[in-house]
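Participant: For what it's worth, the UniProt record's numbering labels the leading residue of the sequence shown as 1, then goes sequentially.
Every residue gets a Cβ at the ideal spot worked out from N, C-alpha and C, and that includes glycine.
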Amino acid sequence: MPAPQCASCHAARAALRRPRSGQALCGACFCAAFEAEVLHTVLAGRLLPPGAVVAVGASGGKDSTVLAHVLRELAPRLGVSLRLVAVDEGIGGYRDAALAAVRRQAARWDLPLTVVAYADLFGGWTMDAVARSTAGSGRSRACCTFCGVLRRRALEEGARLVGATHIVTGHNADDMAETVLMNFLRGDAGRLARGGGLGSRGEGGALPRCRPLQLASQKEVVLYAHFRRLDYFSEECVYAPEAFRGHARHLLKLLEAARPSAALDLVHSAERLALAPAARPPPPGACSRCGALASRALCQACALLDGLQRGRPRLAIGKGRGGRDEEGSSGPPPPPPSDPGSAPGPAAGGCGAACKERCE
């Protein structure tokens with residue numbers, strides 16, 4: 001049976017049916033519609049004002065690649081300038097290949113690229129060193145927490161380094177729905193309440209952040225990359241199999257099989273969620289060590305690093321966090337272990353760029 005005509009241009013044969021609407025479109029019309037929807041998201045949400053210098057979190061993966069390409073196409077209409085900022089987490093045998101993809105993108109699109117490394121920002125700590133430190137703690141999956149928190153801080157530092165006024169990340173609708181599910185499963189009311197909307201306004205001196213792809217499904221992000229023939233890195237991080245997010249992702253796929261709109265329904269539910277006054281977290285203050293936004297004496301990045309330095313990585317994670325506030329000091333931490341050891345494999349736990357708890 002021949003493919004139907006494109007429902008938009010009525011000239012070319014349709015190459016796909018949009019997963020959400022079922023509309024039959026050719027590749028060119030689908031890409032134009034995808035870009036128009038991202039433009040609407042940015043304009044309707046007033047995410048990027050004219051004149052903004054935008055730091056695009058670039059991991060080399062499909063989401064950040066599509067985001068950078070779309071914003072490059074829309075930049076003249078939005079009146080913004082773009083800077084690519086990549087984070088080197090220090091994951092042996094994985095991150096170098098992903099950064100090579102980012103460098104190819106920057107050269108092809110003539111966009112300035114800045115790479116910031118965990119080792120430079122966090123006193124020599126890399127994700128491989130974190131994985132070795134947490135491997136014997138019984139909390140190997142906690143590496144995702146470390147990577148997400150440190151990535152967020154690293155991206156903020158990189159954005160300031162290039163003079164950015166705003167940060168954009170490539171989280172899509174599936175990513176955000178997984179995050180909502182994870183926060184429900186963990187009973188984390190505070191994060192549920194903060195997870196709505198398309199980003200953050202930049203409290204406490206932090207740069208404003210937004211997610212222009214938040215209403216786009218993962219399937220359509222992949223289709224856009226396919227039709228635009230984008231070059232991106234697609235291998236899974238060596239730590240990703242241990243991530244808790246994988247369970248939420250599996251649950252979401254089951255929900256979508258019964259209700260195709262499940263991902264967007266979850267995203268919109270989080271937008272409308274409101275906490276009772278008694279359950280609302282206190283207003284944030286400043287970290288006593290680095291000055292970053294914090295809801296406790298130390299921000300989460302400093303608390304996690306402090307636990308690592310003291311050989312007690314659980315202090316700032318989950319139930320161990322309360323102990324960190326009682327015992328932590330505000331002085332500078334000692335250096336990380338100098339013995340590099342062997343490169344960790346998938347069983348070591350945690351994850352890097354593949355984990356969407358990242359701040360990309």
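Distance check for Leu192 and Glu156, CA to CA, integer angstroms please.
Facilitator: On the sequence shown, residue 156 is found 156 positions in, with the first residue counted as 1. On the sequence shown, residue 192 is found 192 positions in, with the first residue counted as 1. Going by the C-alpha atoms only, they are around 22 Å apart.
Participant: Only counting the same chain, and skipping five residues up and downstream in sequence, which positions put a Cβ closer than 8 Å to that of Pro4?
Facilitator: The count along the sequence shown starts at 1 and reaches residue 4 at position 4. Arg13, Ala14 and Ala24, listed in sequence order.
Participant: Where DSSP assigns a beta bridge to Ala24, which residues make up the other side?
Facilitator: Translated into positions along the sequence shown, residue 24 becomes position 24. Ala24 pairs with Arg17.
Participant: Per DSSP, what kind of secondary structure is Leu251 in: helix, strand or coil?
Facilitator: By one-based count along the sequence shown, residue 251 stands at place 251. In the structure shown, Leu251 sits in a helix (DSSP, three-state: H, G or I).
Participant: Would you check if the stretch 54 to 61 and the stretch 117 to 132 touch, i.e. whether three or more CB-CB distances between them fall below 8 Å?
Facilitator: Result no; under three Cβ-Cβ pairs closer than 8 Å.
Participant: Mapping the DSSP letters down to three states, classify Pro2 as helix, strand or coil.
Facilitator: Working through the sequence shown from its first residue, we reach residue 2 at position 2. Residue state, collapsed to three classes: coil.
Participant: Relative to the C-alpha of Arg103, which residue among Gly60, Arg186, Ala286 and Leu215 is closest?
Facilitator: Your numbering for residue 103 matches position 103 in the sequence shown. Of the candidates Gly60, Arg186, Ala286 and Leu215, the one whose C-alpha sits nearest the C-alpha of Arg103 is Gly60.
Participant: When you compare the CB positions of Phe30 and Leu16, do they come within less than 8 Å of one another, or not?
Facilitator: By 1-based counting over the sequence shown, the position of residue 30 is 30. By 1-based counting over the sequence shown, the position of residue 16 is 16. Going by C-beta atoms, Phe30 is nearer than 8 Å to Leu16.
Participant: Quick test of your reading: Ser269 and Pro284, contact by CB under 8 Å. State the CB separation rounded to the nearest angstrom.
Facilitator: Sequence index remark: in the sequence shown, residue 269 carries index 269 (1-based). Sequence index remark: in the sequence shown, residue 284 carries index 284 (1-based). Not quite, the Cβ-Cβ distance comes to about 24 Å (not below 8 Å), so this is no contact.
Participant: Once the 5 residues before and after Val38 are set aside, which same chain residues still bring their CB inside 6 Å of it?
Facilitator: Looking up residue 38 in the sequence shown gives position 38. Val70 and Pro212.
Participant: Specify the secondary structure class of Asp231 as computed by DSSP and reduced to three states.
Facilitator: Here residue 231 refers to the residue found at position 231 of the sequence shown. Coil at Asp231, not helix or strand.
Participant: Between which residues of its own chain and Leu113 is the CB-CB distance below 6 Å, once the five residues before and five after are set aside?
Facilitator: In the sequence shown, counting from the first residue as 1, residue 113 sits at position 113. Answer for Leu113: Leu84 and Ala106, listed in chain order.
Participant: What is the residue span of the alpha helix (DSSP H) that Arg86 lies within?
Facilitator: Here residue 86 refers to the residue found at position 86 of the sequence shown. This sequence places Ala at residue 86; Arg is not what is there. First-last for Ala86: Ser81 to Asp88, but that is the beta strand (DSSP E), not the alpha helix (DSSP H).
Participant: Just curious, the beta strand (DSSP E) that Gly202 is in, first and last residue?
Facilitator: Residue 202 sits at position 202 when you count from the first residue of the sequence shown. Here Gly202 belongs to no beta strand (DSSP E), and DSSP marks it neither H nor E.
Participant: When you compare only the Cα positions, how much space is there between Met127 and Gly90?
Facilitator: Taking the sequence shown and counting its residues from 1, one reaches residue 127 at position 127. Taking the sequence shown and counting its residues from 1, one reaches residue 90 at position 90. In a straight line, the C-alpha of Met127 is about 5 Å away from that of Gly90.
Participant: Give me the Cα-Cα distance between Glu203 and Ala164, rounded to the nearest whole angstrom.
Facilitator: Locating residue 203 in the sequence shown gives position 203, where the first residue counts as 1. Locating residue 164 in the sequence shown gives position 164, where the first residue counts as 1. Their Cα atoms are separated by approximately 16 Å.
Participant: How many Å lie between Arg153 and Ala301 at the Cα?
Facilitator: As a working mapping, residue 153 is identified with position 153 in the sequence shown. As a working mapping, residue 301 is identified with position 301 in the sequence shown. Approximately 7 Å between the Cα atoms of the pair.
Participant: What does the Cβ neighbour count give for Ala44, buried or exposed, with the cut at 16 atoms within 10 Å?
Facilitator: The residue given as residue 44 occupies position 44 in the sequence shown. By the neighbour-count rule (16 or more Cβ atoms within 10 Å), Ala44 is not buried but exposed.
Participant: In the DSSP assignment, find the alpha helix (DSSP H) that holds His69 and state where it starts and stops.
Facilitator: The residue you call residue 69 lines up with position 69 of the sequence shown. Here the alpha helix (DSSP H) through His69 covers Lys62 to Leu78.
Participant: Out of Leu273, Ala263 and Gly93, point me to the one whose CA is closest to Cys237's CA.
Facilitator: Translated into the one-based positions of the sequence shown, residue 237 becomes position 237. Ranking Leu273, Ala263 and Gly93 by Cα distance to Cys237 puts Gly93 first.
Participant: Does the Cβ of Lys62 have 16 or more other Cβ atoms within 10 Å, making it buried, or fewer, making it exposed?
Facilitator: The residue given as residue 62 occupies position 62 in the sequence shown. Flag for Lys62 reads buried.
Participant: Mind checking which residues open and close the alpha helix (DSSP H) that includes Val238?
Facilitator: The residue you call residue 238 lines up with position 238 of the sequence shown. Neither: Val238 is in no alpha helix (DSSP H) and is coded neither H nor E.
Participant: State the beta-bridge partners of Leu293 as determined by DSSP.
Facilitator: Residue mapping note: residue 293 aligns to position 293 of the sequence shown, counting from 1. The partner list for Leu293 (beta bridge, DSSP) reads Ala286.
Participant: Compute the distance between the beta-carbons of Cys143 and Tyr232, then report whether it is under 8 Å.
Facilitator: One-based indexing of the sequence shown puts residue 143 at position 143. One-based indexing of the sequence shown puts residue 232 at position 232. The answer is no: Cβ separation not under 8 Å.
Participant: Grouping DSSP H, G and I as helix and E and B as strand, with all else coil, what is Val56?
Facilitator: Numbered from its first residue, the sequence shown carries residue 56 at position 56. Strand at Val56.
Participant: Any idea which residues DSSP pairs Leu113 with across the strands?
Facilitator: If you number the sequence shown from 1, residue 113 lands on position 113. DSSP lists Leu84 as partners of Leu113.
Participant: For His171 and Gly79, what's the separation of their Cα atoms in angstroms?
Facilitator: Here residue 171 refers to the residue found at position 171 of the sequence shown. Here residue 79 refers to the residue found at position 79 of the sequence shown. Taking the straight line from one Cα to the other gives about 22 Å.
Participant: Quickly, what does DSSP pair Arg209 with across the bridge? List them, please.
Facilitator: Along the sequence shown, one-based indexing puts residue 209 at 209. In the DSSP output, where bridge partners are listed per residue, Arg209 has Ile167 and Ser200.
Participant: Considering Cα atoms alone, identify which of Phe146, Ala98, Val221 and Ala28 is closest to Pro19.
Facilitator: As a working note, residue 19 is residue 19 in the sequence shown. Cα-wise, what sits closest to Pro19 is Val221.
Participant: Could you spell out the range, first to last residue, of the alpha helix (DSSP H) harbouring Ser8?
Facilitator: As a first step, residue 8 is located in the sequence shown; it is residue number 8 there, counting from the start. Neither: Ser8 is in no alpha helix (DSSP H) and is coded neither H nor E.
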